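S.K.: Residue numbering for the sequence shown follows this note's numbering, beginning at 41 and increasing consecutively. Even for Gly, the Cβ is constructed at its ideal location relative to N, Cα and C. A quick note: this is a predicted structure, and the numbers were derived from the prediction, not measured.
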Amino acid sequence: MIFDIIQTKSGKYDAEFEIKDKNCEPLGSISFKGGDLKKGTFTIHFKDKTYHMSETVMEKNDEVVLFPYTILADDKETATLYQTEQVEEQATFYKLHTDNHVYSLYSTHFGKRDTALNLYDEEKQIAQLEFDYEVDGEYKYTYHVYGLDQDDVAISSIFFCMYYYILHDYLPGDEAPRIRNYSNKVNEWLYSKYNPHFISHITQGTR
């Protein structure tokens with residue numbers, strides 16, 4: 041499964057994206073309404089379903105919960121998404137809770153514009169997400185998704201891409217992208233989640 045999420049509009053407080061497969065055929069679309077803070081609401085049309093993703097309030101006794109979002113499908117809560125911490129390593133990562141799974145996303149940074157987002161179902165990697173951006177009077181992002189050929193992997197990847205966008209790439213006003221710095225200890229832990237051969241396995245059909 042290979043597809044792209046392509047930003048087509050980057051307004052001061054809104055954005056639009058197209059979802060296209062590797063042959064540039066449309067799979068869906070995304071619209072976003074935001075504000076001054078790193079908050080906003082997404083409407084995601086993917087295949088034959090519509091999802092609404094927006095900020096919420098959530099507490100958990102067993103782990104840190106930061107910037108929680110809830111996801112609705114057919115006006116029913118279908119998933120929750122938030123940033124959390126691996127206390128021992130002092131590293132942040134992201135979790136998505138659905139009815140059947142708990143997915144985790146780990147970001148591995150190799151430079152200012154070179155980042156791999158590694159999506160896991162427990163200890164099994166199921167997708168790798170990458171992004172780039174162009175500057176032509178405004179920042180526009182393209183997210184590249186390489187994952188197992190399963191619908192739940194596809195939609196989970198979309199949720200994570202948009203969540204990463206709101207936390208790190210959304211630029212209300214004239215902000216510039218933030219450079220994220222990590223300690224060597226944290227980087228080592230995050231690098232352990234990165235498989236340099238994952239994308240080639242997906243493109244060659246060996247996964």
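Tell me whether His241 sits in a helix, a strand or coil according to DSSP, three-state version.
M.R.: Within the sequence shown, numbered from 1, the residue matching residue 241 stands at position 201. His241 falls in the helix class under three-state DSSP.
S.K.: By Cβ distance, which residues of its chain are closer than 6 Å to Ala216, with the 5 residues on each side in sequence left out?
M.R.: On the sequence shown, position 176 is the one that residue 216 refers to. Low confidence applies here, because Ala216 scores a pLDDT of 49, under 50, leaving its location unreliable and the question unanswered by this model.
S.K.: In angstroms, rounded to a whole number, what distance separates the CA positions of Phe72 and Lys78?
M.R.: Taking the sequence shown and counting its residues from 1, one reaches residue 72 at position 32. Taking the sequence shown and counting its residues from 1, one reaches residue 78 at position 38. The straight-line gap from Cα to Cα measures roughly 12 Å.
S.K.: If I measure Cβ to Cβ from Ala113 and keep anything under 7 Å in the same chain, skipping five residues before and after, which residues do I get?
M.R.: As a working note, residue 113 is residue 73 in the sequence shown. Correct list, in chain order: Lys89 and Tyr91.
S.K.: Given this structure, state the Cα-to-Cα distance separating Phe238 from His149, to the nearest angstrom.
M.R.: One-based indexing of the sequence shown puts residue 238 at position 198. One-based indexing of the sequence shown puts residue 149 at position 109. So the alpha carbons of these two residues sit roughly 16 Å apart.
S.K.: Excluding the five sequence neighbours on either side, which residues of its own chain have a C-beta within less than 6 Å of the C-beta of Cys120, listed in chain order?
M.R.: Walking along the sequence shown from the start, residue 120 turns up at place 80. Correcting the residue identity first, residue 120 is Thr in this sequence and not Cys. Excluding positions up to five away in sequence, the list reads Thr110 and His137.
S.K.: Please list, in chain order, all residues of the same chain as Glu281 whose beta carbon is under 7 Å from its beta carbon, the five residues on each side excluded.
M.R.: The requested residue 281 is not part of the displayed model; the chain covers only 41 to 247.
S.K.: Since Phe86 contacts Ile198 with CB under 8 Å, what's their CB separation in whole angstroms?
M.R.: For the purposes of this step, residue 86 is identified with residue 46 of the sequence shown, where counting begins at 1. For the purposes of this step, residue 198 is identified with residue 158 of the sequence shown, where counting begins at 1. That belief holds up - the Cβ atoms of Phe86 and Ile198 are roughly 6 Å apart, short of 8 Å.
S.K.: Could you tell me whether the Cβ atoms of Lys180 and Thr48 are closer together than 9 Å?
M.R.: Indexing the sequence shown from 1 puts residue 180 at position 140. Indexing the sequence shown from 1 puts residue 48 at position 8. Inclusion of Lys180 and Thr48 in the CB contact set at 9 Å is warranted, their separation being smaller than that value.
S.K.: Helix, strand or coil for Asp76? Go by DSSP, reduced to three states.
M.R.: Against the sequence shown, residue 76 aligns to sequence position 36. Correct three-state label for Asp76: coil.
S.K.: Got a sec, what are the start and stop residues for the beta strand (DSSP E) Lys135 sits in?
M.R.: In the sequence shown, the residue the question calls residue 135 occupies position 95. Start and end: Ala131 to Thr138.
S.K.: At the level of alpha carbons, what is the spacing between Asp44 and Ala167?
M.R.: As a position in the sequence shown, residue 44 is number 4, starting the count at 1. As a position in the sequence shown, residue 167 is number 127, starting the count at 1. Looking at the two C-alpha atoms, the distance is approximately 13 Å.
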